[in-house]
Amino acid sequence: MAGSPFATHEVFNQVPPLGDVDLWGDDLALQAAVAAFGASDAKETASLAAFGERWGSAEMAEFGRLANVNPPKLRTYDPHGYRVDRVEFHPAYHALMRESMTAGIHCSTWGSDGKLAMPGAFVARAARQMMSAEVEQGHQCPIVMTHAAVGALLAEPALLHDWLPKIRSCDYDPSFLSPSLKMSVTLGMGMTEKQGGSDIRANTTRAVPDGSAYRITGHKWFMSAPMSDAFLVLAQAPGGLTCFLMPRVTPEGGMNALDFKRLKDKLGNCSNASSEVEFQGAYARCCGPEGEGIKTIIRMVALTRLDCVIGALGILRAALMQAIHHVRFRTVFQKKLVDQPLMRAVVADLCLEREAALALGFRLARAFDHPDDEDEIVYARLMTPVAKLYVCKMVPAFVYECLECLGGNGYVEENPMARLYREAPLNAIWEGSGNIMALDFLRGGAREPEAAQRLIAKLARETNGLPNARAAIEQIQKLLSSGSREAHARRAVEALAQLAAAAALSAYAPAVAEAYAAHRLGGIAGRNYGDPLPDVLALDLMKRSFARA
Ligand SMILES: Cc1cc2nc3c(=O)[nH]c(=O)nc-3n(C[C@H](O)[C@H](O)[C@H](O)COP(=O)(O)OP(=O)(O)OC[C@H]3O[C@@H](n4cnc5c(N)ncnc54)[C@H](O)[C@@H]3O)c2cc1C
Numbered sequence: 151m152a153g154s155p156f157a158t159h160e161v162f163n164q165v166p167p168l169g170d171v172d173l174w175g176d177d178l179a180l181q182a183a184v185a186a187f188g189a190s191d192a193k194e195t196a197s198l199a200a201f202g203e204r205w206g207s208a209e210m211a212e213f214g215r216l217a218n219v220n221p222p223k224l225r226t227y228d229p230h231g232y233r234v235d236r237v238e239f240h241p242a243y244h245a246l247m248r249e250s251m252t253a254g255i256h257c258s259t260w261g262s263d264g265k266l267a268m269p270g271a272f273v274a275r276a277a278r279q280m281m282s283a284e285v286e287q288g289h290q291c292p293i294v295m296t297h298a299a300v301g302a303l304l305a306e307p308a309l310l311h312d313w314l315p316k317i318r319s320c321d322y323d324p325s326f327l328s329p330s331l332k333m334s335v336t337l338g339m340g341m342t343e344k345q346g347g348s349d350i351r352a353n354t355t356r357a358v359p360d361g362s363a364y365r366i367t368g369h370k371w372f373m374s375a376p377m378s379d380a381f382l383v384l385a386q387a388p389g390g391l392t393c394f395l396m397p398r399v400t401p402e403g404g405m406n407a408l409d410f411k412r413l414k415d416k417l418g419n420c421s422n423a424s425s426e427v428e429f430q431g432a433y434a435r436c437c438g439p440e441g442e443g444i445k446t447i448i449r450m451v452a453l454t455r456l457d458c459v460i461g462a463l464g465i466l467r468a469a470l471m472q473a474i475h476h477v478r479f480r481t482v483f484q485k486k487l488v489d490q491p492l493m494r495a496v497v498a499d500l501c502l503e504r505e506a507a508l509a510l511g512f513r514l515a516r517a518f519d520h521p522d523d524e525d526e527i528v529y530a531r532l533m534t535p536v537a538k539l540y541v542c543k544m545v546p547a548f549v550y551e552c553l554e555c556l557g558g559n560g561y562v563e564e565n566p567m568a569r570l571y572r573e574a575p576l577n578a579i580w581e582g583s584g585n586i587m588a589l590d591f592l593r594g595g596a597r598e599p600e601a602a603q604r605l606i607a608k609l610a611r612e613t614n615g616l617p618n619a620r621a622a623i624e625q626i627q628k629l630l631s632s633g634s635r636e637a638h639a640r641r642a643v644e645a646l647a648q649l650a651a652a653a654a655l656s657a658y659a660p661a662v663a664e665a666y667a668a669h670r671l672g673g674i675a676g677r678n679y680g681d682p683l684p685d686v687l688a689l690d691l692m693k694r695s696f697a698r699a
């Protein structure tokens, strides 16, 4: 209702509520990246536009808020002492899950044979995942894991045959029943144990053969989305570390022996349940050969790492949109904030950073769309850890800077910034944290040095003529050939990510690529955002990031 009956309560110079936004139509940079790297088909574009409008609605934003202020609860027993082992979620969480699954974010890249569903499927899905992460990231945990689980299931055709049809179903079904009675299923993953997460060879959970199945005894220290219908877990079998599929309901229809101890009390990601669990001789089936657990699960992990990058891009855009909206409306010292040269420099620099990250993320998604192209396979293999380290690790500082653009309003809980700030570090931790990503790249490069050199040579061609590109390549080569490569791995990987981002940008946004190369590849950027850009470019970057004025 307009106006106020209270003489002391005239509100002015506060920005108007963001209200309904169009996450596709107002994100020109996203549209350009999607067109450049894959899904430019008119039908797909129309579908992405509808998705962006729906997910940008104030109603969806409210679901996101409610799902986080009403975190899930673990109910282990009913009032009579019977085990129920259920996690209860707020209806807003279910609404988000339903919308994401209806749009197929959990499965849209997979055809009925587990192969690529259609050309450009990964890029189109990445666009949807990113827009959905702008609204709420917690519910994406089961969505992302369900999608990625197919990577591991491909190692075991019988399991793929049993599970893929229900994975591909878009009818969200949260009931706790045997998969045969459900319209759709979701899957989770259990690798991390108390004594080690990165070092999964240190898993102590044991698997004992039991007829054609196995019985698993041990624990997992983090196992998210505990209401999933099955989990890909690692355990030590007689033949070594092995990947298993552990359903929550046994084939006989009983509850499997997963003893949930508690849910984590987390810094952020509050809508998502992350459990500590013990397996008491739980039923499971082998997924892939015994002893090849890492090789099998890594196919799932590669996909979730891509999604960490895309989820991180969603958080970047959500924070940036808030910052741009604020500076366009708030007046300080007789001028709009956006017209204050220093604030313009800060926000434009944030836009530049985000555009480069976006280009890198969508270039990476494109590589997954070409499983038969040797160069793209190498790109996906070597650049996934590079992009994950670089993009995910930039999020906390980026969100913090966006938050500060809002001044004190950025620091209150009612504002989405507080939630974004708490969510910000998570993608970097999930699925292998920063150092692990850097070491992963080094290992990959050492395993296939010629492919790595070919990749760097291609990036050199794509960035030819951009400011500082040649020096950046020399620096990368120097760091990678240094005697203490491991200690230099972060610097090398960061420099490579920036080079790859410039290369990706140059494919469709040459002016942005030029500015990015000038400001980032030379290593002159300061620790904080705010490198000034020419006015025309600064305003154009803001428009590309959030077209609505
Ligand atoms: C909200 C949330 C949900 C999660 N959900 C799941 C889930 O569903 N399933 C699951 O399996 N796991 C899950 N995890 C666990 C997560 O994947 C791990 O926490 C992560 O992989 C890191 O493992 P760790 O915690 O054991 O840390 P550690 O392995 O102990 O690593 C600690 C630090 O040391 C660094 N480090 C490790 N090795 C080296 C090295 N050789 N050289 C230099 N540095 C090194 C790492 O980069 C990290 O910074 C979840 C975590 C969180 C926070």
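The sequence shown begins at 151 in the numbering used here and counts up one residue at a time. Ideal Cβ placement from N, Cα and C applies to all residues, glycine included. Given the structure is predicted, the values throughout are model-derived calculations rather than measurements.
Bridge pairing for Lys370: Val427 [DSSP]. Contact annotation: the region 459-472 touches the region 277-289, with at least three C-beta pairs closer than 8 Å. The closest CA to that of His638, considering only Asn585, Leu683 and Leu609, is found on Asn585.
For Met333, no alpha helix (DSSP H) encloses it, and the DSSP letter there is neither H nor E.
At the C-beta level, Ala302 and Leu508 stay beyond 7 Å of one another.
According to DSSP, Glu526 shares a beta bridge with no other residue. Ala375 places its beta carbon less than 7 Å from that of Gly338. When the five nearest sequence neighbours on each side are left out, the beta carbons in the same chain lying within less than 6 Å of the beta carbon of Ala208 are those of Gly169 and Asp170, in order along the chain. Look at the region 177-252 and you find these whole runs of beta strand (DSSP E), each 3 residues long or longer: 223-227 and 233-238. In this structure, Met493 has its CB at a distance of at least 6 Å from all heavy atoms of ligand 1. At a cut-off of 6 Å, the beta-carbon of Gly418 does not count as near ligand 1: no heavy atom of the ligand is closer than that. In the DSSP annotation of this structure, the continuous segment of the beta strand (DSSP E) that includes Ala357 starts and ends at Arg356 to Asp360. For Ser348, the closest C-alpha among the options Ala653, Ile579, Ala642 and Gly672 is that of Ile579.
Under the Cβ criterion (8 Å, minimum of three pairs), the region 243-256 does not count as touching the region 494-502. The beta carbons of Leu173 and Gly206 sit about 4 Å from each other, so the pair counts as a contact at 8 Å. Here DSSP, grouped into helix, strand and coil, assigns Ala639 to helix.
Relative to the non-hydrogen atoms of ligand 1, the Cβ of Thr355 never comes closer than 6 Å to any of them. Its chain contains Leu303, Leu395, Arg435 and Cys437 as the residues whose beta carbon lies nearer than 7 Å to that of Leu309, once the 5 sequence neighbours on both sides are disregarded; these appear in chain order. Rounded to whole angstroms, the Cβ separation of Val300 and Gly264 is 6 Å, and the two are in contact under 8 Å. Here DSSP, grouped into helix, strand and coil, assigns Arg513 to helix.
At least 7 Å separates the beta-carbon of Leu224 from that of His240. Between the alpha carbons of Ser190 and Val184 lies a gap of roughly 7 Å. In this structure, Pro617 sits away from Ala657, with a CB-CB distance that is not shorter than 7 Å.
In the structure shown, Thr158 adopts coil according to DSSP, grouped into three states. Counting along the chain, Ala380 sits inside the beta strand (DSSP E) bounded by residues Ala380 to Ala387.
Boundaries for Cys437: no alpha helix (DSSP H) harbours it, and the DSSP string shows neither H nor E there.
Distance from the CA atom of Ala196 to the CA atom of Gly188, rounded to whole angstroms, is 14 Å.
Spatial neighbours of Pro269 in its own chain (CB-CB distance under 8 Å, excluding positions within 5 residues in sequence) are listed in chain order as Gly188 and Asp519.
Not a single heavy atom of ligand 1 lies less than 6 Å from the C-beta of Ile293.
Taking C-beta separations shorter than 7 Å and ignoring five residues to either side along the sequence, the partners of Ala665 in its chain run Leu502, Leu683 and Leu687, following chain order. Taking 8 Å as the upper bound for CB-CB distance, Thr613 and Ala659 are not in contact here, some 13 Å apart.
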